[in-house]
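The structure appears right after this line, and notes come after that.
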Amino acid sequence: MSKKIPQNIKNIYADPLNDIAFEILFSNKNHTDIAISVINSLLNFHGKNEVKEVCLSSSVPIFPDLKRALELCCTTKSNEKIRVEIQRQYYDFPIEIEYFREGFLNTFILVISKENIFELQNDKLYEKTVAPMIQEIKAEIPSLPMSWKYYELKKFMKMYDAGEIRPVNNKLPIKEQWLFFFNKCPTSEKIPDDVDNIIKEAYGIMNINEWVPALKKMYEKSIQREKDLIKDKIIKEIDDKIENIPTNKDENINS
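Counting with our numbering, you get residues 42 to 296 for the letters of the sequence shown.
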């Protein structure tokens, strides 16, 4: 008999961008190939720059107050040590200059967001790279070894639904497979056939049926907490709009 999912969780697969599921997916020592594939695919690492080993960092994170991010120490095929921080959404945290001390590892911030981060005119690019730059000469600053990679899933799905992202040999490229996974996993009813084995492995890890009861309960509470946060945000936005609407009394005073 198959294990039952808690009544409040109707989906078969967890949302990989949920706090609990996010950590389950990337911090599992038995499935480091998941993190390696995501890092190499989404950060466009190829050849000697490809990551071959990862482990959770035991050092002080770049943003100590940031709870919803994972910092990974990585080794590339050229044996270079780098640091990758994966965020499940965008956090606008100031960068402390102390982190750019001599000997600081090259650091890559990978942000995967369901919501659009950049609201620019005629902007439909779902992938964006940001690096410290001297604006006058349009040159990167080599002494500041940090860069950001942003993926906006809403823009990605808009292009996909419009047919602008097409399969190659009946499959999407691995980068797009990962983006599709992060967006569609929680609403999927089965593992897709037209994906690479590493994606199927990720779906398997996100199968709530296979989780122990304690993890299911933690996930259920986390999902409810996120729903409450969204609800509170919507209520606050409505309240702010109401406060900005002038009353008849205000209009009479100003007339």
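Just so it is clear, CB atoms sit at the ideal spot from N, CA and C, and this is done for glycine as well.
Check: Sorted by chain position, which residues of the same chain lie with C-beta nearer than 8 Å to K122's C-beta, five sequence neighbours on each side aside?; Outcome: C114, C115, T116, L146
Check: Looking at C-alpha atoms only, which residue of Y260, T148, M247, D269 is the closest neighbour of M187?; Outcome: T148
Check: With DSSP run on the structure shown, which of helix, strand or coil describes S229?; Outcome: coil
Check: Note down the Cα distance separating S263 from Y167, rounded to an integer number of angstroms.; Outcome: 27 Å
Check: For C188, name the three-state secondary structure that DSSP assigns.; Outcome: Here residue 188 turns out to be Ser, not Cys, going by the sequence shown. Strand at S188.
Check: Please report the residue range of the beta strand (DSSP E) in which S68 lies.; Outcome: Careful: S68 lies outside any beta strand (DSSP E) and carries neither H nor E.
Check: Any contact between the region 236-253 and the region 206-224? By contact I mean 3 or more CB pairs, one from each, below 8 Å.; Outcome: yes
Check: In its own chain, which residues sit with a C-beta less than 8 Å from the C-beta of I75, not counting the 5 before and 5 after it?; Outcome: L66, F67, N69, I239, E242, A243, I246
Check: On the DSSP letters alone, give me the boundaries of the alpha helix (DSSP H) that A110 sits inside.; Outcome: First-last for A110: 110-117, but that is the beta strand (DSSP E), not the alpha helix (DSSP H).
Check: Helix, strand or coil: how does DSSP classify A55 here?; Outcome: coil
Check: Using alpha carbons as the reference points, say which of E181, N52, F197 lies closest to I156.; Outcome: Here residue 156 is Glu; the residue named in the question, Ile, does not match the sequence. Answer by Cα proximity: F197.
Check: Taking the DSSP output, what are the residues bridged to T170?; Outcome: K190
Check: D237: which of E64, E160, S82 sits nearest, CA to CA?; Outcome: S82
Check: Does the beta-carbon of N71, which I'm using as the reference point, lie nearer than 8 Å to any heavy atom of the ligand PLP?; Outcome: As far as ligands go, the structure on display features none, and thus does not contain the ligand PLP.
Check: Would you kindly check if the distance between the Cβ of Y260 and the Cβ of I61 is under 9 Å?; Outcome: yes
Check: Would you please state the rounded distance, in angstroms, between the beta carbons of N248 and I53? I believe it to be under 8 Å.; Outcome: 7 Å
Check: Distance check for I77 and K231, CA to CA, integer angstroms please.; Outcome: 24 Å
Check: Use the C-beta contact count for E205: other C-beta atoms within 10 angstroms, 16 or more gives buried, fewer gives exposed.; Outcome: exposed
Check: When burial is assigned at 16 or more other CB atoms within 10 Å of the CB, is I178 buried or exposed?; Outcome: exposed
Check: Given a cut-off of 9 Å, decide if I153 and L194 are closer than it, judged by their beta-carbon atoms.; Outcome: yes
Check: Give me the Cα-Cα distance between K258 and R266, rounded to the nearest whole angstrom.; Outcome: 12 Å
Check: Kindly list the residues whose CB is nearer than 7 Å to the CB of D106, restricted to its own chain and excluding five residues on each side of it in sequence; keep chain order.; Outcome: Residue confidence for D106 is low, a pLDDT of 43 falling below 50, so the modelled location carries little weight and cannot support an answer.
Check: Taking only beta-carbon atoms, is I123 less than 9 Å away from chain C?; Outcome: Absent here is chain C; the protein component of the structure consists of one chain.
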